[in-house]
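*Asks:*
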Amino acid sequence: MSAPSPTRVSVLLPLPFEAPFTYVAPAPLALGAVVLVPLGPRLVVGAVWDDAPNMQVNAKPVAQVLDFPPLPEALRQFMDWVAHYTLSKRGDVLALGLKASLLAEPKRRIKNFSFGGADFSQAGPDLSADQAQAAAALRANVATGKFGVTLLDGVTGSGKTEVYLEAVAACLAAGRQALVLLPEIALSVQFLQRFEKRFGAAPAVWHSELTPAVRRETFRAVAQGRATVVVGARSALFLPFPELGLIVVDEEHENAFKQEDGVMYHARDMAVVRAKLSAAPCVLCSATPSLESVENAASGRYARLDLPARHGGAQLPKVIALDMRANPPERGKFISPMLVQAMRDTMARGEQCMLFLNRRGYAPLTLCRQCGHRMACPNCSAWLVEHKSHKRLICHHCDYHTNTPATCPACTARDSFAAIGPGVERIAEEVREVFPQARVLMMASDVIAGPKQAAEAARMISEREIDIIIGTQMVAKGWHFPALTLVGVVDADLGLAGGDLRAGERTVQMLHQVAGRAGRAQAPGVVVLQSYAPEHPVMAALLSGDLSAFMAQEALQRCPGHWPPFGRLVALIISGPDEKLTDQTARALARSAPAGAGIETLGPAPAPFAMLRGRHRRRLLLKAARHIDVQSLARDWLARTEIPRNVRVDVDVDPVSFM
Ligand code: ADP
Ligand code: ZN
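Here the working numbering is used: the first residue of the sequence shown is 223, the next is one more, and so on.
(1) Under 8 Å: do the region 825 to 840 and the region 850 to 866 share three or more Cβ pairs, one atom per stretch?
(2) Under a criterion of Cβ closer than 6 Å to any non-hydrogen atom of the ligand ZN, which residues qualify, in chain order?
(3) Look up E431 in the DSSP assignment and say whether it is helix, strand or coil.
(4) Do A400 and L468 have their C-beta atoms closer together than 8 Å?
(5) Within 10 Å of its beta-carbon, does E647 have 16 or more other beta-carbons around it, so buried, or fewer, so exposed?
(6) Use the C-beta contact count for S508: other C-beta atoms within 10 angstroms, 16 or more gives buried, fewer gives exposed.
(7) Compare the beta carbon distance of D805 and N868 with 8 Å and say whether it is the shorter of the two.
(8) M576 bridges to which residues according to DSSP?
(9) DSSP has V749 in a bridge; who is on the other side?
(10) Closest by CA to T433, which one among I691, R857, G738 and G672?
(11) Give me whichever residues DSSP pairs with D375 in a beta bridge.
(12) How do the region 617 to 636 and the region 587 to 594 stand: do at least 3 beta-carbon pairs fall below 8 Å, yes or no?
(13) Check whether the Cβ of G379 lies closer than 7 Å to any heavy atom of the ligand ADP, and answer yes or no.
(14) Mind checking whether P291 and A445 have CB atoms under 8 Å apart?
(15) Assign V275 to buried or exposed, taking buried as 16 or more other Cβ atoms, counted over all protein chains shown, within 10 Å of its Cβ.
(16) Indicate whether V377 and L360 have their beta-carbon atoms separated by less than 8 Å.
(17) Check V453 in the structure and name its three-state DSSP category.
(18) Evaluate Y754 with the Cβ neighbour count: other Cβ atoms within 10 Å of its Cβ, from every protein chain shown; 16 or more gives buried, anything less gives exposed.
(19) Would S500 and L466 be called neighbours here (beta carbons separated by less than 8 Å)?
(20) Look up Q779 in the DSSP assignment and say whether it is helix, strand or coil.
(21) So, with DSSP's three-state summary, where would you put N625?
(22) Is any heavy atom in the ligand ADP found nearer than 7 Å to the beta carbon of S350?
(23) Shorter than 7 Å, the distance from the beta carbon of E887 to the closest heavy atom of the ligand ADP, or not?
(24) Kindly examine the ligand ADP and report whether one of its heavy atoms sits closer than 7 Å to the Cβ of H702.
(25) Taking DSSP as the reference, what is the three-state secondary structure of P248?
(26) Taking the straight line between their C-alpha atoms, what separation do you get for V562 and E678?
(27) Which residues bound the alpha helix (DSSP H) around R857?
(28) Give the DSSP-derived three-state secondary structure of L235 in the structure shown.
(29) My assumption, with CB atoms under 8 Å, is that L237 sits in contact with A269. Please give the rounded CB distance.
(30) Is R596 helix, strand or coil by DSSP?
(31) Mapping DSSP to helix, strand and coil, what is K382?
(32) Grab the span of the beta strand (DSSP E) containing Q399 for me, first residue to last.
(33) Does the beta-carbon distance from R840 to A808 come in below 8 Å?
(34) Assign P294 to one of two classes, buried (16 or more other C-beta atoms within 10 Å of its C-beta) or exposed (fewer than that).
(35) For V279, does the count of other Cβ atoms within 10 angstroms reach 16, so buried, or fall short, so exposed?
(36) T729 and V760 - do their beta-carbons sit closer together than 8 Å?
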C-alpha cells in the first residue's frame with residue numbers, strides 16, 4: 223500500500239477575504255473539513271472549500287485537522303450563495319457560522335443539558351378542521367423530502383404554532399433536523415414552554431445571549447445531528463445541520479429578520495435558499511404576511527394555507543379608532559379620557575389592559591423653553607431621548623449619554639428644559655397618576671433585557687399579578703395572555719411619519735399584531751387606536767380587519783414604479799468621518815451609476831441619519847426591474863469607482879430600512 227501523498231487544499235477563513243487560501247495537507251481532506259492553518263504569525267481556524275487550489279503559489283502546511291464534522295455541502299453552497307447575493311466577502315459569510323470560539327471541546331458536559339428526550343410521537347392537541355387540513359398539507363411536504371415554500375397565513379390566535387409543530391414532529395419522525403426561526407429571543411419564552419409541553423423536552427436554542435459553553439455545546443450537537451430541533455434567531459441559518467429537513471420562519475413579516483450591519487441579509491429570504499439547497503420544505507408564518515410573500519403566493523411560487531378563525535371560538539377583537547381631535551387628552555397628557563374610561567371598565571371586570579407605544583424612554587425630545595435649543599447627539603443626527611429612570615439623556619443610535627444638564631448649554635437658563643412628547647416611561651407615569659392602585663409593568667428592551675426578565679414578566683402577567691402592561695414593540699407579537707382584553711395604542715400615527723416605501727405596510731402589521739394580543743380566550747377583546755388621522759387608509763384597514771384589501775392597494779401602488787416586490791433595490795450607504803470626501807465619493811458613484819432600460823438610480827442624498835456614530839452618510843438607491851441581475855450591476859459599478867481609503871461603501875441588497 224502506498225503512503226498517502228500530500229495534497230493541496232483550498233481553505234476559506236472566517237475573515238474578510240473573498241477567496242480561500244491554498245495549503246498543503248499530508249493526505250486528501252474531506253470538503254468542509256475544519257482545520258487550523260497558519261496565517262502570518264498566528265494559527266486560524268478555517269474550512270476546506272470547494273474551489274480548486276492554486277498549484278502555483280508557495281503553500282504552507284495545514285497545522286491540524288480538528289475533530290469536528292466537516293461543514294456540510296449544503297451549508298458551503300449556502301454561504302457562497304449568500305456572499306454572492308449580498309455582495310459580501312465569502313470569508314465574512316463563513317464567519318457567521320464558524321468561529322474558533324465555537325470549536326473548543328467542552329471541558330465537561332453542562333449539567334442537565336441534553337438534546338434528546340423529546341417524544342415526537344406524542345400526540346398534539348385535537349386540531350380543528352382548518353388546522354388539521356393545514357397540518358396534513360405541511361406533514362405531506364415534509365414526507366416528500368423536497369423543497370417547496372408554504373405561506374401559512376392565519377389570524378392571530380388561530381393556532382399557526384400548533385400547526386407547524388405538527389410539521390416539526392413529522393420532520394423528526396423522518397429522522398431529519400428542524401429549524402424554527404423566531405424574530406426576537408424575548409418572544410421565545412412562551413414558545414419554549416409550549417414546545418416543552420408539546421414534546422416533553424426543550425429544543426436547542428440559538429441566539430446571541432447564550433453563554434460561551436452552551437453555545438459551543440449546541441454548535442457541536444447540531445453538527446453531530448444530536449440536536450434535532452433548533453429554535454433560533456436569524457444566525458441559526460448558518461449552523462452546520464447535516465440533515466436539515468424543515469425550516470419554519472415564524473412572524474415572517476418581521477423586519478428583525480433583516481441583519482442591518484456587516485453581511486446585510488434577510489433571514490426570511492435566505493431561509494428559503496437554505497431550504498432549497500437542503501432539499502427541505504420551508505414554512506413562512508404570519509397573521510400579517512409581507513407583500514413579498516403574499517405576491518409569491520399569488521403567483522404560485524409559494525403554496526398557501528389559511529387559518530381564517532381563532533382557535534376555540536375566540537373572536538377577533540373589536541377595533542375602534544379614537545379621534546384625538548374630538549377627544550383630546552388633558553394638556554400635557556397623552557391618554558384620552560375615553561381610553562382611561564375603557565381601562566377603568568376593563569380592570570373593574572378583573573381583566574388586564576395593555577398600552578402600546580413604540581418609543582423607549584421618557585420623552586423623545588428635550589427643549590429649552592427660553593431659547594428653543596434642542597438637546598441633540600454630538601455624533602448622530604438625532605435628538606437625545608430622556609430616560610428619567612436613569613436620570614439621563616441617551617442617544618438611541620450610539621453609545622452617547624449625558625446627565626440632564628442643570629442649565630441650557632446654549633443660553634445658560636436654569637431649569638428651562640421641557641420634555642416634548644411621550645415615551646413609555648412617561649405613559650407609565652401618567653397611568654400611575656390616574657390609577658394609583660393598579661399594578662403596572664413596563665416592557666421595553668431597557669427593562670426586559672433578556673430571556674430571564676421576559677420569562678418573569680410573562681409569569682407575572684399570566685398569574686394576574688399585573689393590571690396594566692405598558693410596552694414598546696416588544697409586546698406586539700407572540701404573547702398569549704388570556705385575561706388581556708383591552709389594548710390601547712397611544713399613538714397609532716407614529717409609524718406613518720417619514721414615509722419610506724413600507725411605512726404603511728409596517729404600521730398595519732405592527733398594530734394588527736398588537737391588536738391581536740387582545741381577547742385571545744373567552745372574554746372578548748377591544749382595541750383602541752388613538753389617532754389624529756383616523757381616516758387614513760392604514761386605520762381603515764385596521765378597523766375593518768381586511769388586510770388583504772390593504773395589501774392589494776399597496777401592490778397597486780408599488781407595481782408601476784417597479785418598487786419591491788415588483789422590482790429590485792440595492793442601496794449604497796457611503797460614509798466617512800470627512801463630510802466633503804464622503805460627499806465627493808457619493809457624487810462620483812452617482813456619475814458612474816449603471817444605466818439602461820429598467821434601471822434607475824436615485825440620489826445621492828444625505829441619509830435621514832446624515833450623521834451616525836460620528837460618520838457622515840449619503841445614500842444612493844439602485845432600482846431595477848425584476849429580471850435584471852442587480853448583483854452584477856452593483857459589483858461592476860463599485861469596481862469602476864475609486865473609493866478613498868477613509869470612505870466606506872456599505873451595500874444593502876433588498877433594503878428594508880432607508881435610514
Ligand atoms: P397563533 O400562532 O396563530 O397566534 P397559537 O398557535 O398561539 O396561534 O394558538 C393560540 C392559542 O390557542 C394557544 O394558547 C394555543 O395553545 C391554543 N390552541 C390553538 N389550537 C389549539 C387546539 N387545536 N387545541 C387546543 N389549543 C389550541
Ligand atoms: Zn448618537
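We treat Cβ as the ideally placed atom computed from N, Cα and C, and that holds for glycine.
In this text the structure is predicted, and so the values were computed from the model without any measurement.
*Replies:* According to the data block:
(1) No, the region 825 to 840 is not in contact with the region 850 to 866.
(2) That gives C599, N601, C602, A604, C617, H619, C620 and Y622.
(3) Coil at E431, not helix or strand.
(4) Yes, the Cβ-Cβ distance between A400 and L468 is below 8 Å.
(5) Burial call: buried.
(6) Of the other Cβ atoms in all chains shown, 16 or more fall within 10 Å of the Cβ of S508; this residue is therefore buried.
(7) Taking 8 Å as the cut-off, the beta carbon of D805 is found no closer than this to the beta carbon of N868.
(8) I691 and V709, per the DSSP bridge assignment.
(9) Checking the DSSP bridge columns, you'll see V749 partnered with V541 and V709.
(10) It is G672.
(11) Under DSSP, the beta-bridge partners assigned to D375 are S508 and D528.
(12) Because the criterion of three Cβ pairs below 8 Å is met, the region 617 to 636 and the region 587 to 594 touch.
(13) For the ligand ADP, at least one heavy atom lies less than 7 Å from the Cβ of G379.
(14) Yes, these two residues count as a Cβ contact at 8 Å.
(15) The sequence as given places Pro at residue 275; Val does not occur at that position. Per the 10 Å Cβ criterion, buried.
(16) For V377 and L360, no; Cβs fall outside 8 Å.
(17) Residue state for V453 is assigned as strand, using DSSP reduced to three classes.
(18) Residue burial annotation: Y754 is exposed, with fewer than 16 other C-beta atoms found within 10 angstroms of its C-beta.
(19) Against a cut-off of 8 Å, the Cβ pair of L466 and S500 comes out as a contact.
(20) Helix at Q779.
(21) Residue state, collapsed to three classes: strand.
(22) Yes, since a heavy atom of the ligand ADP falls inside the 7 Å radius drawn around the Cβ of S350.
(23) Given that the chain is displayed from residue 223 to residue 881, the structure contains no residue 887 and the question cannot be resolved.
(24) For the ligand ADP, at least one heavy atom lies less than 7 Å from the Cβ of H702.
(25) Collapsing the DSSP output to three states places P248 in coil.
(26) Rounded to the nearest angstrom, the two C-alpha atoms are 27 Å apart.
(27) Run containing R857: V852 to A861, per the alpha helix (DSSP H) assignment.
(28) Three-state DSSP puts L235 in coil, outside helix and strand.
(29) Not confirmed; about 12 Å, so no contact.
(30) Of the three classes helix, strand and coil, the one that applies to R596 here is strand, per DSSP.
(31) The DSSP-derived three-state label of K382 is helix.
(32) Its beta strand (DSSP E) spans residues Q399 to L403.
(33) The Cβ atoms of R840 and A808 lie closer than 8 Å to each other.
(34) Label assigned to P294: buried.
(35) Exposed: under 16 other Cβ atoms inside 10 Å.
(36) Cβ distance < 8 Å, so V760 and T729 count as in contact.
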